[in-house]
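Residue numbers for the sequence shown follow my numbering, so the first one is 1 and each next one is one higher. A virtual CB, placed ideally from N, CA and C, is assigned to each residue, including glycine. Values in this document were obtained by computation on a predicted structure and should not be read as measured data. Below is one structure, written out as C-alpha coordinates, with a few remarks after it.
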Amino acid sequence: MDNDLVLKNRLKAARAEKNISQSELANMTGVSRQTISSIETGQFNPTAKLALLICIALNKKFEDLFYFE
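If you want it as C-alpha coordinates, here you go:
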(Lines of atoms letter the chains of each structure in order from A and count residues from 1; the text may use other names and numbers.)
(Lines give C-alpha, C1' and ligand atoms only; values in the text may rest on other atoms or scores of the structure.)
Protein backbone atom coordinates (compact mmCIF):
# COMPACT_ATOMS: atom_id res chain seq x y z
CA MET A 1 0.00 0.00 0.00
CA ASP A 2 1.15 3.50 -0.82
CA ASN A 3 2.51 5.25 2.29
CA ASP A 4 1.54 8.65 0.85
CA LEU A 5 -2.17 7.95 1.32
CA VAL A 6 -3.95 10.27 3.73
CA LEU A 7 -6.93 9.09 5.77
CA LYS A 8 -9.81 11.51 5.20
CA ASN A 9 -13.29 11.53 6.68
CA ARG A 10 -16.85 12.69 6.17
CA LEU A 11 -17.44 13.09 9.89
CA LYS A 12 -18.66 16.69 9.87
CA ALA A 13 -21.25 15.99 7.16
CA ALA A 14 -22.44 12.83 8.94
CA ARG A 15 -22.79 14.74 12.21
CA ALA A 16 -24.75 17.52 10.50
CA GLU A 17 -27.03 14.95 8.88
CA LYS A 18 -27.91 13.58 12.34
CA ASN A 19 -27.96 17.07 13.90
CA ILE A 20 -25.34 16.04 16.49
CA SER A 21 -22.82 18.57 17.83
CA GLN A 22 -19.13 17.84 18.31
CA SER A 23 -19.74 17.84 22.07
CA GLU A 24 -22.61 15.36 21.78
CA LEU A 25 -20.56 13.01 19.60
CA ALA A 26 -17.64 13.36 22.02
CA ASN A 27 -19.91 12.36 24.92
CA MET A 28 -21.28 9.41 22.95
CA THR A 29 -17.78 8.10 22.20
CA GLY A 30 -15.97 8.96 25.45
CA VAL A 31 -13.53 11.53 24.06
CA SER A 32 -13.20 15.32 24.23
CA ARG A 33 -14.85 17.75 21.83
CA GLN A 34 -11.33 18.79 20.80
CA THR A 35 -10.61 15.20 19.73
CA ILE A 36 -13.68 15.17 17.47
CA SER A 37 -12.65 18.55 16.04
CA SER A 38 -9.09 17.30 15.40
CA ILE A 39 -10.41 14.22 13.58
CA GLU A 40 -12.74 16.35 11.44
CA THR A 41 -9.93 18.69 10.40
CA GLY A 42 -7.55 15.82 9.67
CA GLN A 43 -5.07 16.74 12.41
CA PHE A 44 -5.66 13.44 14.21
CA ASN A 45 -6.41 9.92 12.99
CA PRO A 46 -8.68 8.02 15.35
CA THR A 47 -7.72 4.63 16.73
CA ALA A 48 -9.60 1.67 15.26
CA LYS A 49 -11.66 1.49 18.46
CA LEU A 50 -12.62 5.18 18.33
CA ALA A 51 -13.38 5.03 14.60
CA LEU A 52 -15.76 2.11 15.22
CA LEU A 53 -17.40 3.90 18.18
CA ILE A 54 -17.97 6.92 15.93
CA CYS A 55 -19.50 4.69 13.25
CA ILE A 56 -21.85 3.14 15.82
CA ALA A 57 -22.80 6.55 17.26
CA LEU A 58 -23.61 7.92 13.79
CA ASN A 59 -25.10 4.63 12.52
CA LYS A 60 -22.69 4.58 9.56
CA LYS A 61 -20.40 1.97 8.03
CA PHE A 62 -16.67 2.60 8.36
CA GLU A 63 -16.29 3.12 4.61
CA ASP A 64 -19.11 5.71 4.66
CA LEU A 65 -17.10 7.88 7.08
CA PHE A 66 -13.44 7.19 6.35
CA TYR A 67 -11.54 6.98 3.04
CA PHE A 68 -8.05 7.37 1.58
CA GLU A 69 -7.04 10.21 -0.69
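By Cβ distance, which residues of its chain are closer than 7 Å to residue i, with the 5 residues on each side in sequence left out?
i: residue 39; result: 9, 11 and 46
i: residue 37; result: 22
i: residue 51; result: 62 and 66
i: residue 28; result: 57
Suppose you measure from the CA of residue i to the CA of residue j; what does that come to, to the nearest Å?
i: residue 30; j: residue 17; result: 21 Å
i: residue 26; j: residue 4; result: 29 Å
i: residue 42; j: residue 60; result: 19 Å
i: residue 32; j: residue 44; result: 13 Å
Could you give the residue range of the beta strand (DSSP E) that holds residue i?
i: residue 7; result: 7-9
Need the endpoints of the alpha helix (DSSP H) that residue i sits in, please.
i: residue 77; result: Residue 77 lies beyond the residue range present for the chain, which begins at 1 and ends at 69; the question has no answer from this structure.
Leaving out the 5 sequence neighbours to the left and right, which residues in its chain are closer than 8 Å to residue i when beta-carbon positions are compared?
i: residue 68; result: 5, 6, 7 and 8
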